[in-house]
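K.L.:
Residue numbers for the sequence shown follow the UniProt record's numbering, beginning at 1 and rising by one.
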Amino acid sequence: MTTPGTPPGSPGHSDGIGEPAAPGALAATTALEGLGARLGLIDLPYALPGAAEAAARAALVADQLGDYILPRLASIDAPLLAVVGGSTGAGKSTLVSSLIRRRVAAASAIRPTTRRPLLLHAPADEPWFASERVLGSLARVRVPEDAPPSAPVAPDDGGAPVSWRELEVRSCRELPPGLALLDAPDVDSVVDENRDLAATLLASADLWVFVTTAARYADAVPWQHLRAAAERDIVVAVVLDRVPDGATADVEADLRRRLASAGLATAPVITIPETALDAEGLLPDPLIAPLRDWLTTLAADAEARRGVARRTLTGALGAALAQIELLADELDAQAQERHELAEAALTAHAEAARRISAACADGSMLRGEVLARWQEYIGASGMLKGLETHVGRVRDRLSAALRGRPGPAQRVEDAIESSLATLIVAEAQRASIATERAWQRAGTAAPALETARAALPGQEALTERATALVHEWQGELLGLVWAEGADKRLTARLISLGVNGVGVALMIVVFAHTGGLTGGEVGIAGGTALIAQRLLEAIFGDQAMRAMAERAQIDLDARVHALVNEQATALVSALRQPSPTGPELRRAARTAASALEATSGVTGEGRS
């Protein structure tokens, strides 16, 4: 049997759960390491209710896996780590020094006094604590055994920067092998980092010595930790300090009632009355002897020590896996939030593309400048009467105009380019504004909103892209006209009329539906569009004209969708993916749980 303090690699030492190493321990360790790695990289980017608490919980569980569960799983016979924790000013450091019977931990009125936690171990147990295997998330600061207590340093003393992730380690000949003491920061410290460190250390303990006072024992924060200890089935001793004369019976009875209500009815209570300290600043030895005896008895009995370690490990594993399930739920909520934010962007931009397509198909484009330039180009005034008889003359006038005056056709093309580009820019900006408002209403993605704003093109750049889009579409449309008129007869006719003029007529036909026009606009735009239609029919025939218009419309829609979707994609890419996903974390937890079930002595054993 392993003797207390037998270091790793020594005869009798086992790196498993029992002796010999438990079957499946390596698989369990590997699975838990993978789980811890996922927790260490957890990303909850959206400010949902409870997200900050979930992130802190993930960090705590990750630290617990690395600092306690994995080392203890590998070495059930390692020395017990008793963490002395509790409320501000409860006398934790004084209690630690009193147990040793010399001052090893600084006591002070400065708050927080314990900024750097102190770990004391027996000289024979030094190999267990020399490396970062235990409490590996904290940097080691080795202090000589007989060095005076490290002075407390206030965070704002103007000296060296304060590190909240250091662990002072010193050997202590007064401690028996198999037991280490850790003086932890206040669980209710005014300093956030101190509170977080206290929680990390308590989560890494084999057993707790929880110190409170007659004045503070009912405070809420300590009881949060005590209830957590009960849920983890950790061994706890409670020190009730500074009890006034005559109040011991009442205060202790109320404390025991509260402990029973919290699930800690069997926790020993050591009551220390209000008393003067001796010349070295220590409590009278008879007052703390019961606590020392309780601790040393555990350390001396290898089976009892192993039972405490196994019980705490089992509880810690169960609590960690339960916390991971809650974290997976939070990741699910984060993923749903990202989906809803992304949907808001995609919907706004799909609506923008739909509105552009509708405006290009319902006659809305045949307004204002486009309509004026087209009428100017064909000299359409007075031509709507007797349209059938005038088509030939219109064609003749177009031919003459195109041969002599190419400028008007270009002006129509330019007007279409300008109007269509303006429409695209307006709708793209409308979609981005709608997305921004939706994200602002959600109130969960402020960083993503800033990233998205930076990713969007400015007014000038967007206008250039929209103009280029329309220009390229017009060029493709003219190519379509040339391709359709490839035989000699049509080529001659196109040359006689001018490809640009025929192309402009095709653009007018593409925009010809009059659903968006009202009143006199319907007659004017509809009539001039009909002239363009009849001209194209005369050149290409009805079927070819319709096919060309449909292809041009499809091409324009595709280009508009590409531009709008590119903007939507830029916005959505600003939304970080929660990491890992909820299902990924659950799978990792199930893998770890299955490996632990296969490891004898971890689950279903050791409860007492």
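Beta carbons are placed, not taken as given, at the ideal position from N, Cα and C, and that holds for glycine.
Owing to the predicted nature of the structure, the values given are computational and were not obtained by experimental measurement.
#1: Counting C-beta neighbours from all protein chains within 10 Å, is the total for THR29 16 or more, i.e. buried, or is it exposed?
#2: How far does the alpha helix (DSSP H) with VAL564 in it extend, from its first residue to its last?
#3: Should ALA442 be listed as close to the ligand SAH, given that the test is whether its C-beta is under 7 Å from any heavy atom?
#4: Could you name the residues of the same chain whose beta carbon sits closer than 6 Å to that of ALA552, not counting the 5 residues immediately before and after it, in chain order?
#5: Looking at the structure shown, is PRO290 part of a helix, part of a strand, or coil, going by DSSP?
#6: Let me make sure I understand the geometry here. Which of ALA562, ALA345 and ASP555 has the alpha-carbon closest to that of LEU571?
#7: Could you give the residue range of the alpha helix (DSSP H) that holds ILE356?
#8: Can you give the Cα-Cα distance for LEU95 and LEU283, rounded to whole angstroms?
#9: Starting from LEU479, trace the alpha helix (DSSP H) in both directions and tell me its first and last residue.
#10: Applying the 10 Å Cβ sphere with the 16-neighbour rule, what's the burial state of ALA461?
#11: Can you grab the Cα-Cα spacing for the pair GLU325 / LEU41, in whole Å?
#12: Using a Cβ-Cβ distance cut-off of 8 Å, determine whether TYR68 contacts chain E.
#13: Does the distance from the C-beta atom of VAL560 to that of ILE424 stay below 8 Å?
#14: For MET383, name the three-state secondary structure that DSSP assigns.
#15: Please determine, among ALA438, LEU120 and LEU99, the residue with the shortest C-alpha to C-alpha distance to ASP293.
#16: Use the C-beta contact count for PRO71: other C-beta atoms within 10 angstroms, 16 or more gives buried, fewer gives exposed.
#17: Thinking ARG305 and LEU298 are a contact (beta carbons under 8 Å), I'd like their distance in whole angstroms, please.
#18: With distances taken Cα to Cα, identify the nearest neighbour of LEU295 among ASP250, LEU73, PRO176 and LEU277.
#19: Are LEU240 and VAL209 closer than 8 Å when you measure CB to CB?
#20: With C-beta atoms as the reference, is GLU132 less than 8 Å away from SER171?
#21: Give me the residue from ASP557, LEU48, PRO583 and MET365 with the minimum Cα distance to GLU337.
#22: Taking C-alpha atoms, which residue in ALA454, ILE416 and ALA452 lies nearest to VAL470?
#23: Could you compute how far the alpha carbon of GLU376 sits from the alpha carbon of GLU464?
#24: Measuring only the C-alpha atoms, how far is ALA593 from LEU321?
#25: According to DSSP, which residues form a beta bridge with ARG142?
#26: Check the DSSP bridge columns for LEU120 and list the partner residues they point to.
#27: Evaluate the contact criterion for the stretch 246 to 264 versus the stretch 115 to 123: three or more CB pairs, one atom per stretch, below 8 Å.
#28: Taking the alpha carbon of ARG232 as the point to measure from, which residue in ILE378, GLN323, LEU80 and LEU81 has its own alpha carbon closest?
#29: Going by Cα to Cα distance, which pick from ALA205, PHE129, ALA532 and ALA228 is closest to ALA82?
#30: Closest by CA to ARG367, which one among HIS339, LEU420, GLU340 and ALA353?
#31: So ARG453 is in the alpha helix (DSSP H); what residue range does that whole segment cover?
#32: Rounded to a whole number of angstroms, what is the C-alpha to C-alpha distance between LEU596 and ALA25?
#33: CA-CA distance, ILE76 and GLY66?
#34: Would you identify the three-state DSSP class for VAL391, choosing helix, strand or coil?
#35: In the DSSP output, which residue or residues are listed as bridge partners for ALA56?
#36: When the Cα of ASP329 is compared with those of LEU44, ARG430 and GLU33, which residue comes out closest?
P.N.:
Considering the structure as presented:
#1: In the sequence shown, counting from the first residue as 1, residue 29 sits at position 29. Burial call: buried.
#2: Against the sequence shown, residue 564 aligns to sequence position 564. Counting along the chain, the alpha helix (DSSP H) containing VAL564 begins and ends at 542 to 572.
#3: The ligand SAH is absent from the structure shown, which contains no ligand whatsoever.
#4: For this step, residue 552 is matched to residue 552 along the sequence shown. Here the set comprises LEU477 and VAL510.
#5: Residue mapping note: residue 290 aligns to position 290 of the sequence shown, counting from 1. In the structure shown, PRO290 sits in a helix (DSSP, three-state: H, G or I).
#6: Mapped onto the sequence shown, residue 571 falls at position 571. Per the Cα distances, ALA345.
#7: Your numbering for residue 356 matches position 356 in the sequence shown. That run of the alpha helix (DSSP H) goes 302 to 359.
#8: Residue 95 sits at position 95 when you count from the first residue of the sequence shown. Residue 283 sits at position 283 when you count from the first residue of the sequence shown. Roughly 7 Å between the two C-alpha positions.
#9: The residue labelled residue 479 in the question sits at position 479 within the sequence shown. According to the sequence displayed, residue 479 carries Gly and not Leu. Where GLY479 is concerned, the enclosing alpha helix (DSSP H) stretches over 459 to 484.
#10: Along the sequence shown, one-based indexing puts residue 461 at 461. Counting Cβ neighbours within 10 Å, ALA461 comes out exposed, since fewer than 16 surround it.
#11: Taking the sequence shown and counting its residues from 1, one reaches residue 325 at position 325. Taking the sequence shown and counting its residues from 1, one reaches residue 41 at position 41. Whole-angstrom Cα-Cα distance: 16 Å.
#12: Structure shown: chain E not included; a single protein chain is present.
#13: Counted from its first residue, the sequence shown places residue 560 at position 560. Counted from its first residue, the sequence shown places residue 424 at position 424. Contact: yes.
#14: The count along the sequence shown starts at 1 and reaches residue 383 at position 383. Note on MET383: pLDDT 33, under 50, position unreliable in the model; the coordinate value appears next. DSSP, reduced to helix, strand and coil, places MET383 outside both helices and strands of the structure shown, so it counts as coil.
#15: If you number the sequence shown from 1, residue 293 lands on position 293. Looking at the Cα atoms, LEU99 is the closest of the given residues.
#16: Along the sequence shown, read from residue 1 onward, the residue named residue 71 stands at position 71. That one is buried.
#17: For the purposes of this step, residue 305 is taken as residue 305 along the sequence shown, with counting starting at 1. For the purposes of this step, residue 298 is taken as residue 298 along the sequence shown, with counting starting at 1. Going by Cβ atoms, the distance from ARG305 to LEU298 rounds to 6 Å, so yes, they are a contact pair.
#18: Here residue 295 corresponds to residue number 295 of the sequence shown, with the count starting at 1. The shortest Cα separation from LEU295 among ASP250, LEU73, PRO176 and LEU277 belongs to PRO176.
#19: Stepping through the sequence shown from its first residue, residue 240 is reached at position 240. Stepping through the sequence shown from its first residue, residue 209 is reached at position 209. Not closer than 8 Å, so no.
#20: Residue 132 sits at position 132 when you count from the first residue of the sequence shown. Residue 171 sits at position 171 when you count from the first residue of the sequence shown. Result no, Cβ atoms of GLU132 and SER171 do not sit closer than 8 Å.
#21: On the sequence shown, position 337 is the one that residue 337 refers to. Out of ASP557, LEU48, PRO583 and MET365, LEU48 has the C-alpha closest to the C-alpha of GLU337.
#22: Stepping through the sequence shown from its first residue, residue 470 is reached at position 470. Among ALA454, ILE416 and ALA452, the Cα nearest to that of VAL470 is on ILE416.
#23: To locate residue 376, count along the sequence shown from 1; it is residue 376. To locate residue 464, count along the sequence shown from 1; it is residue 464. Rounded to whole angstroms, GLU376 to GLU464 spans 27 Å at the Cα level.
#24: Here residue 593 corresponds to residue number 593 of the sequence shown, with the count starting at 1. Here residue 321 corresponds to residue number 321 of the sequence shown, with the count starting at 1. Each residue's CA atom was taken as its position, placing ALA593 and LEU321 some 8 Å apart.
#25: Position 142 of the sequence shown, counted from the start, is the residue given in the question as residue 142. For ARG142, which the question treats as bridged, DSSP gives the partners VAL169.
#26: Taking the first residue of the sequence shown as 1, we reach residue 120 at position 120. DSSP lists ARG170 and LEU181 as partners of LEU120.
#27: no
#28: Along the sequence shown, one-based indexing puts residue 232 at 232. It is GLN323 whose Cα lies nearest to the Cα of ARG232.
#29: For the purposes of this step, residue 82 is identified with residue 82 of the sequence shown, where counting begins at 1. Answer by Cα proximity: ALA205.
#30: Along the sequence shown, read from residue 1 onward, the residue named residue 367 stands at position 367. Of HIS339, LEU420, GLU340 and ALA353, the residue nearest in Cα terms is LEU420.
#31: Looking up residue 453 in the sequence shown gives position 453. Note, ARG453: alpha helix (DSSP H), 446 to 455.
#32: Taking the first residue of the sequence shown as position 1, residue 596 is located at position 596. Taking the first residue of the sequence shown as position 1, residue 25 is located at position 25. When rounded, the distance between both Cα atoms is 8 Å.
#33: By 1-based counting over the sequence shown, the position of residue 76 is 76. By 1-based counting over the sequence shown, the position of residue 66 is 66. For ILE76 and GLY66, the distance between alpha carbons rounds to 15 Å.
#34: Along the sequence shown, read from residue 1 onward, the residue named residue 391 stands at position 391. Here VAL391 scores only 47 on pLDDT, less than 50, and its place in the model should not be relied on; the value that follows carries that caveat. It is helical.
#35: Start at 1 with the first residue of the sequence shown, and residue 56 comes out as number 56. Paired residue(s): none; ALA56 is not in a bridge.
#36: By 1-based counting over the sequence shown, the position of residue 329 is 329. Residue LEU44 is the option with its Cα nearest to ASP329.
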